[in-house]
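In order, the protein sequence lines correspond to chains A and B. Just so we're aligned, residue 1 is where the first sequence starts under UniProt numbering, counting upward by one. Just so we're aligned, residue 1 is where the second sequence starts under UniProt numbering, counting upward by one. In this text, a Cβ means the ideal position worked out from N, Cα and C, and glycines have one as well. Being a predicted model, the structure only gives us computed values, none of them experimental. First the structure, in the form of structure tokens, and then the observations on it.
Number of protein chains: 2
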Amino acid sequence: MDRVSTIKDVAKLANVSISTVSRVLNGTTPVSKESSDKVYKAVEVLDYKPNAMARSLISKKTMTIAVIIPNLSNLFFPELLRGISKAVEKEGYFLIICNTDYSSEKEEKYINQMLERRVDGFIIVSSSISNEKLTQMLKGKTSVVFVYSYADFGYNIMEDGIKATYDATKYLIHMGHKKIACIGWRFKGVNVRYMGFRKALEEFNVDFRNEYVIDCGYSKEEITNNTIKLLKMKDRPTGIVAFNDDTAIAIMMAAKDMGIKIPEDLSIIGYDNISISNILLKPLTTISVPIHKMGINAGKKIIQIIDNSISYSDTYREEYIPYELIERESVKSMDIDS
Amino acid sequence: MDRVSTIKDVAKLANVSISTVSRVLNGTTPVSKESSDKVYKAVEVLDYKPNAMARSLISKKTMTIAVIIPNLSNLFFPELLRGISKAVEKEGYFLIICNTDYSSEKEEKYINQMLERRVDGFIIVSSSISNEKLTQMLKGKTSVVFVYSYADFGYNIMEDGIKATYDATKYLIHMGHKKIACIGWRFKGVNVRYMGFRKALEEFNVDFRNEYVIDCGYSKEEITNNTIKLLKMKDRPTGIVAFNDDTAIAIMMAAKDMGIKIPEDLSIIGYDNISISNILLKPLTTISVPIHKMGINAGKKIIQIIDNSISYSDTYREEYIPYELIERESVKSMDIDS
DNA sequence: GTGAAAGCGCTAACAA
DNA sequence: TTGTTAGCGCTTTCAC
């Protein structure tokens, strides 16, 4: 690989001092036309590209934002990323992506590495780290916006509490379902989904059954296996509340393989409304959330925070994500034939 | 924001020299237990994180790889990214993502900015820059692997020439279709798809009709509008070869809205086999390509190139991607009722 | 308008 | 084993 040229090379070739080179490249101080011409010529000849790290070392700005995200398999995340990317690129920032695989160890490791890189800010999605830890690691040290993470500092973009899954569950109940399962997880951010589920059952006096709550992993295999187990029960549920569309889709596929028809034999409601959910084998009834817009908001917000360098106490705020229930074809009314 | 502490602060607090601090942190030279204890203590107290940029300035390694990619909307790209990310993260590298939106200006701009950042290597997907420009910008200056880009240097992961769409088109022909359209683009990398289409028509003596080739953009709107126009023709095609699944899906949706049934009224074959293509409203017959694996290969390869710092001449190679035609439900045989 | 020199935060000789 | 110093590539005083 060719040695890459430095400002020194340019200065030497142009026969000026390095400060002059710097000046013409940055336009900080007026420079004689003669010098500037020589510099430009030399830059051209040497194909000189200023070293961004050397610059950052001085400016203390890296123009990069770390995105800490569980994975890219669940289509929710690329869609969010798209929004973030859009908002951020127009301001000249770049994104560095860290996949945590929902592992808090990895998440912690990556956050520390990003801190070492002196990224200008963080967007942390579905964090699985405790608030204490998060606080200790980040609070007062950098700019951060959380998405679905429920930290007690920084800017938090979050769901309307437990209401959304409450509504989803209620919908199933109103459609006449009495045996309702849920599939999801119970940690931090998404735990509220579980709470909403419980609340609805309670409020409408529908039996809660422990064997109907599937606290599963994130891989398709785990979801599939758990679904099979659930659907093989002698007294299986007629409706399922999935805590995200990705899971709902995996369930659909598992059901299909088992010869269980949706919605005839099994109703299912999802969460997120990822963009493919309406073009599925069976279009999914789901809680719709403005994913792309959330991404844009997260991107815009982190830049605002960085630029104004608002301190923690000013920036703490919650931004609730609006949602709506979209009725499609994956839920059947039980009232007719029951 | 708190001032972040430097090695100097640690040295002062630990009452040792900065080189001692550096030594214990990097384990380069043996240090007395006493000193090292003091250093660790100070690091702890100050929550010291070594500045990665300062390090990189010296080591000339950034541990980051730039991924230049058209967008994240076409699900092919996140899937590829997932593979890249997986391969790269285990080696300690991070990815910085540049969305070009298929714009060669943006692509050029981003490549230059990444060059300034001294990324260790590039993975460039579906480049829309000319080979001359690419050569001038990158050749001999950094490590690069191209995916679907057909450069004449670097490591190229590419399709088996024009054969895949030739096969796709042939398939439609063998299913009895005589009026076949194609939808895609004719630039650089993906141009071969168009060539394959032409070749098959020619070889099997199927009429080529200029109004049946849709050289469209990438947005859903453009595809939709072009599809509508195509399907509104008095003499519309009975089969369509889409140059990627993303486009095929957009066509499906447009057709659905127009009341045109697939495959009864219109057959369609895609390209890529993105992971959702088998769970669609109408499972898509398509050319299947090992996207995730391609990503992994690209990631592994770029690291090999970086680590061995193989020079251009050694690294130029083509790696052809295997593909297979997957028959699902979006193509109908015309032989029965024609 | 321009150059010399200090310094960003770190590593790596080089002495001691 | 340890500290001093030079230097990575750049920006920015500070003189001239």
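Contact set between residue i and chain A, taken where Cβ atoms lie within less than 9 Å
i, result
"ILE96(B)", "THR64, PHE94, LEU95, ILE96, ILE97"
Close Cβ partners of residue i (< 6 Å) along its chain, the five nearest in sequence each way excluded
i, result
"LYS300(B)", "ALA87"
"SER330(A)", "ILE262, PRO263, ILE268, LYS282, LEU284, THR285"
"ALA168(A)", "VAL241, ILE269, ILE287"
"SER56(A)", "THR62"
"TYR166(B)", "GLY196, LYS199, ALA200"
Residues sharing a beta bridge with residue i, DSSP
i, result
"ASP272(A)", "SER288(A)"
"MET158(A)", "TYR320(A)"
"ASP215(A)", "GLY184(A)"
"GLY259(B)", "BP columns for GLY259(B) are empty, so no partner."
"THR20(B)", "In the DSSP output, where bridge partners are listed per residue, THR20(B) has none listed."
"ASP64(A)", "For the record, residue 64(A) in the displayed sequence is Thr; it is not Asp. Answer by DSSP bridge pairing, in chain order: PHE94(A)."
"SER73(B)", "Partner(s): none; SER73(B) has no beta bridge."
"ASN99(B)", "ILE69(B)"
"GLY121(B)", "ILE65(B), SER143(B)"
"SER130(A)", "The partner list for SER130(A) (beta bridge, DSSP) is empty, contrary to what the question assumes."
Option in the options with minimal Cα separation from residue i
i, options, result
"SER275(B)", "ASP257(B), ASP245(B), ILE269(B)", "ASP245(B)"
"GLY270(B)", "ARG198(B), MET252(B), LYS109(B), SER219(B)", "MET252(B)"
"residue 355(A)", "GLU327(A), ILE65(A), ASP272(A), LYS178(A)", "Here chain A covers residues 1 to 338 and nothing more, so residue 355(A) does not appear."
"ILE291(A)", "GLU324(A), ASP265(A), ILE306(A)", "GLU324(A)"
"LYS256(A)", "LEU280(B), VAL4(B), LYS220(B)", "LEU280(B)"
"ASN74(B)", "LYS41(B), TYR218(B), VAL213(B), SER36(B)", "TYR218(B)"
"GLY92(B)", "ASP167(A), TYR93(A), LYS170(A), ASN99(A)", "ASN99(A)"
"SER5(B)", "TYR171(A), LYS141(A), LEU201(A), LYS199(A)", "LYS141(A)"
"ASP120(B)", "THR64(B), LEU95(B), GLU108(B), ARG209(B)", "THR64(B)"
"GLU108(B)", "LEU95(B), PHE122(B), MET137(B)", "MET137(B)"
"ILE157(A)", "TYR166(A), VAL147(A), LEU72(A), ALA164(A)", "VAL147(A)"
"ARG317(A)", "GLU159(A), MET233(A), GLY154(A)", "GLY154(A)"
"LEU129(A)", "GLN113(A), GLU105(A), MET114(A)", "In the sequence as presented, Leu is not what sits at residue 129(A); that position holds Ile. That would be GLU105(A), whose Cα lies nearest to the Cα of ILE129(A)."
"TYR48(A)", "ILE96(B), ALA11(B), TYR320(B), GLN113(B)", "GLN113(B)"
Contacts of residue i in chain A (Cβ-Cβ under 8 Å)
i, result
"SER85(B)", "LEU72, ILE97, ASN99"
"MET253(B)", "ILE279"
"ILE249(B)", "ILE279"
Residues that residue i contacts on chain A, provided the C-beta gap is smaller than 7 Å
i, result
"ARG82(B)", "LEU72, SER73"
"ALA181(B)", "Correct list: empty, because the minimum Cβ distance to chain A is about 21 Å."
"residue 343(B)", "With chain B covering 1 to 338 only, the question about residue 343(B) has no answer from this structure."
"ALA54(B)", "LEU57"
Residues near residue i in its chain [Cβ-Cβ closer than 7 Å; skip 5 each side]
i, result
"LYS38(B)", "ALA14, ASN15, VAL16"
"MET258(B)", "ILE228, LEU231"
"MET195(B)", "ILE162"
"SER22(B)", "ILE7"
"ILE302(A)", "ILE65, GLY121, ILE123, SER143, VAL145"
"ILE306(B)", "ASP120, GLY121, SER143"
"LEU172(A)", "ILE180, GLY239, VAL241, SER267, ILE269, VAL331"
"VAL31(A)", "THR20, ARG23, VAL24"
Cβ-based burial, residue i [other Cβ within 10 Å; buried from 16]
i, result
"GLU211(A)", "exposed"
"ILE58(A)", "exposed"
"ARG82(A)", "buried"
"PRO322(A)", "exposed"
"LYS90(A)", "exposed"
"MET1(B)", "exposed"
"residue 356(A)", "Coverage of chain A is limited to positions 1 through 338, which leaves residue 356(A) absent and any answer about it impossible."
"ASP272(B)", "buried"
"residue 339(B)", "The first residue shown for chain B is 1 and the last is 338, placing residue 339(B) beyond what the model contains."
"PRO70(B)", "buried"
"SER149(B)", "buried"
"LYS60(B)", "exposed"
Close Cβ partners of residue i (< 8 Å) along its chain, the five nearest in sequence each way excluded
i, result
"SER338(A)", "Only weak support exists for where SER338(A) lies, its pLDDT of 44 falling under 50; the coordinates are left without a value."
"ASN191(B)", "TRP185"
"SER35(B)", "ALA14, VAL16, THR20, VAL24"
"GLY295(A)", "GLU79, LEU80, LEU81, ARG82, GLY83, ILE84, SER85, LYS86, ALA87"
"PHE76(B)", "ASN244, ASP245, ASP246, ASP272, ILE274, ILE291"
Within chain B, partners of residue i - CB distance below 8 Å
i, result
"ASN51(A)", "LEU57, GLU116, ARG118"
"PRO290(A)", "Residues of chain B passing the Cβ test: none, with the nearest at roughly 16 Å."
"GLU21(A)", "Reading the sequence as shown, one finds Val at residue 21(A) and not Glu. Here the premise fails: no neighbours, minimum Cβ distance about 15 Å."
Chain-ordered neighbours of residue i on chain B, where CB pairs are closer than 9 Å
i, result
"residue 346(A)", "No answer is possible for residue 346(A): the residues shown for chain A start at 1 and end at 338."
"ILE276(A)", "LEU75, ILE249, ILE276, ILE279, LEU280"
Within chain B, the residues that residue i reaches when beta carbons sit closer than 7 Å
i, result
"PRO78(A)", "LEU72, PRO78"
"VAL43(A)", "The contacting residues do not exist; VAL43(A) stays about 12 Å from chain B at best."
"VAL213(A)", "Residues of chain B passing the Cβ test: none, with the nearest at roughly 25 Å."
Proximity test, residue i beta-carbon vs the ligand MG heavy atom, cut-off 7 Å
i, result
"PHE208(A)", "Although the ligand MG was asked about, the structure shown includes no ligands whatsoever."
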